[in-house]
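Asker:
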Amino acid sequence: MPNTDQIDAANNTHESLGALSVGSLIGLFLSGIVMMQVYVYLRVYRRDRARIKFMVGIIWGMDFLHSIMICIANYETFVKRFGDTPDQLDYITWSIGTSVALTALVTFSVHCFFIHRIYLLSSGNKWLTYPSATLALFRLVAASVSTAEMIKLHSYKKFVTDYGYVFTMGLGAAVVLDVVNTTGMCYYLRQNKSRFSVMNDILDTLVVYTVETGAITCITTIASLACWVSMPNNLIFLGVHFTIPKLYANSFVAILNSRSALSAAQGSSAHSNRPLPVMLANLGASRQHSTVAGPHTTSGQSSKALEISVHKTIHTVVDRGAEVDEEANIDSPYAEQREHTHEGSVEAACFKIAHAA
């Protein structure tokens, strides 16, 4: 009759293999969604700056490599080591260690993207963004150390005993960053309502997007951290960990792709000439059309000289990651547009219309 230790080992094996298989399937499914979103991005936003396209390509490439590492890890676990004893399943393959590093690289890239957006929204708040950037770098270093020790030790038990705290601090830093980035984005988007009074609906939508994407990644990371701390004798944490980079990649590309929907909503309003705020500025030039009435005469009377002075001020926060190639044109012979662009991403435009009979 098997003793209690053997039963516990068998149960842990079933839990570990089940978590790895389910986590791998969910991760590969999410990776397919990332690929679809990247395809949509490349089709719709061809005018994005090269550095934004490069970042999308890098994140997609790392996500794709992570999926390959998942497949290799599953092959080595379920095929090469099929029928091994629970102790032999303690072996850490190189693909598992590499997947941890790729997860850290994806999360680091996405965190830096959102930290940069907060920096722009807050008009350069260094007290918030610099510590966040330092914490993101710390999370990357912790994951790199974890990867190196996993590949070196080849044992989950030894890794938990000797370097488990490093892995814990890395996941904890990711959770803190998710909370800080989400809170900071929501706060500064709400603060911008005074400057974008006609775009409150769009800003509210951005807040919802930010909360949803931040909550999904944060909850998943917390779940992986909780499983790691509470159940270090099985691999449930790793199954959850497989999905983390997929969610970050999806949140990043989804934010970029949401600009077209927000631009359409903006265009349906009466103030469609106001561009999107800095977080999701539309990449295309916002066209401005003016209609000027011609001289009006009545029968037997000549029209009197009419002078109309219209002053219109537009405050725009421009996304420095977006490039506008076209300039707004006004075809009316009675209109003159003067634009003054100031560093700090604020544009002001004055229009004066004058006409005499």
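If you number the sequence shown the way full-length UniProt numbering does, the last residue is 357 and the count never jumps. Glycine residues also receive a C-beta, built at the ideal position from the N, C-alpha and C atoms.
1) Determine the burial state of Pro-131: buried for a count of at least 16 other Cβ atoms within 10 Å of its Cβ, exposed for fewer.
2) Quick one: using the 10 Å Cβ neighbour count with 16 as the cut-off for buried, is Arg-259 buried or exposed?
3) Checking 8 angstroms against the spacing of the C-beta atoms, do Met-62 and Val-110 come in under that value?
4) Is the beta carbon of Asp-178 sitting closer than 8 angstroms to the one on Cys-218?
5) Just to confirm the assignment, what range does the alpha helix (DSSP H) spanning Met-185 have?
6) Measuring alpha carbon to alpha carbon, tell me which of Val-211, Gly-170, Tyr-165, Leu-171 ends up nearest Arg-190.
7) Could you check the C-alpha separation between Leu-206 and Phe-114 for me, to the nearest Å?
8) Note down the Cα distance separating residue 359 from Ser-144, rounded to an integer number of angstroms.
9) Quick one: what does DSSP say Thr-147 is sitting in, helix, strand or coil?
10) Taking the alpha carbon of Ala-101 as the reference point, which residue from Asn-181, Glu-149, Tyr-187, Val-34 has its own alpha carbon closest?
11) Go through its chain and collect everything with a Cβ distance to Glu-76's Cβ below 8 angstroms, but skip five positions before and after it.
12) Any contact between the region 232-246 and the region 15-28? By contact I mean 3 or more CB pairs, one from each, below 8 angstroms.
13) On the CB-based measure, 16 or more other CB atoms within 10 Å of its CB, does Lys-80 come out buried or exposed?
14) What's the C-alpha gap between Ser-155 and Leu-65?
15) Go ahead and pull the three-state DSSP assignment for Gly-239.
16) Tell me the rounded alpha-carbon separation between Leu-203 and Tyr-188.
17) Note down, in chain order, each residue of its chain lying with its Cβ closer than 8 angstroms to the Cβ of Asn-181, except the 5 sequence neighbours on either side.
18) How about Thr-98 and Thr-147: are their beta carbons less than 8 angstroms apart?
19) Below 8 angstroms CB to CB, which residues in the same chain sit around Asp-90 once its five sequence neighbours on both sides are set aside?
20) What number of angstroms, rounded off, separates the C-alpha of Leu-235 from the C-alpha of Ser-21?
Answerer: Based on what the coordinates show:
1) In the assembly as shown, Pro-131 is an exposed residue. Its beta-carbon has fewer than 16 other beta-carbons within 10 Å.
2) A residue is called buried once 16 or more other Cβ atoms fall within 10 Å of its Cβ, and Arg-259 is buried on that count.
3) No Cβ-Cβ contact shorter than 8 angstroms links Met-62 with Val-110.
4) It is a contact, given that the beta carbons lie within the stated cut-off.
5) Membership of Met-185 in the alpha helix (DSSP H) is indicated by the continuous run 156-191.
6) Among Val-211, Gly-170, Tyr-165, Leu-171, the Cα nearest to that of Arg-190 is on Val-211.
7) If you draw a straight line from the Cα of Leu-206 to the Cα of Phe-114, it comes to about 13 angstroms.
8) Since the first residue shown for the chain is 1 and the last is 357, residue 359 is missing from the structure and cannot be characterised.
9) In the structure shown, the three-state DSSP call for Thr-147 is helix.
10) That would be Glu-149, whose Cα lies nearest to the Cα of Ala-101.
11) Same-chain partners within the cutoff: Thr-93, Ser-95.
12) A contact is defined here as three or more CB-CB pairs under 8 angstroms, and the region 232-246 meets this definition with respect to the region 15-28.
13) With fewer than 16 Cβ atoms within 10 Å of its Cβ, Lys-80 is classed as exposed.
14) If I take the Cα positions, the gap works out to 23 angstroms.
15) Looking at Gly-239 - three-state DSSP - the assignment turns out to be helix.
16) Cα to Cα, Leu-203 sits roughly 10 angstroms from Tyr-188.
17) His-111, Phe-114, Ile-115, Ile-118, Ser-132, Gly-214, listed in sequence order.
18) Going by C-beta atoms, Thr-98 is nearer than 8 angstroms to Thr-147.
19) When the five nearest sequence neighbours on each side are left out, the beta carbons in the same chain lying within less than 8 angstroms of the beta carbon of Asp-90 are those of Ser-155, Tyr-156, Lys-157, in order along the chain.
20) If you take the alpha carbons of Leu-235 and Ser-21, they lie about 11 angstroms apart.
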